[in-house]
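*Asks:*
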Amino acid sequence: MTEELRRAPLTSKQARDWIRVMLSGAYKEVPDKQGRISVPADLRAYAGLDRELAVIGAGSRAEIWNASAWREYLAVQEEVFSNTAEEIIPGMF
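In the working numbering, the protein residues as written are 429 to 521.
1. Evaluate contact between the segment 504-511 and the segment 476-492, counting only Cβ atoms and requiring at least three cross-stretch pairs below 8 Å.
2. May I ask which residues mark the beginning and end of the beta strand (DSSP E) holding L481?
3. Along the chain, where does the alpha helix (DSSP H) that runs through A469 open and close?
4. Decide if W446 is buried, meaning its Cβ has at least 16 other Cβ atoms within 10 Å, or exposed.
5. Quick one: residues in its chain with C-beta nearer than 6 Å to the C-beta of A443, no 5 flanking neighbours on either side, listed in chain order?
6. Less than 8 Å separating the Cβ of R472 from some heavy atom of the ligand ZN?
7. Just how far apart, CA to CA, sit I458 and R434?
8. If you draw a straight line from the C-alpha of R464 to the C-alpha of K456, how long is it?
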């Protein structure tokens, strides 16, 4: 994602504003010896993360969700997907 952002035209105020806001909350984390990373307190608060989490695969990245928020999102999206699957990805379903 940062590579895509680097290609954005810095002559565009809208691009500069978008990059500034998007990257303002970024942290560089180094995994520990067991491959774990910590999520900084302000990001945990922003995402509403508490004790129960859902870690999902999303293409080339992983996402960390509050488990109840993920269940709610998934319930809504399952309905949307069932109504639009053939339209979005023809021939797959």
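For glycine and all other residues, C-beta sits at the position ideal for the given N, C-alpha and C. Note that the coordinates shown come from a computational prediction; the quantities given were computed from them, not determined experimentally.
*Replies:* Let's see:
1. no
2. 481-486
3. 469-475
4. exposed
5. A436, P437
6. Questions concerning the ligand ZN fall outside what the structure shown contains, since it holds no ligand whatsoever.
7. Per the sequence shown, the amino acid found at residue 458 is Val instead of Ile. About 22 Å.
8. 13 Å
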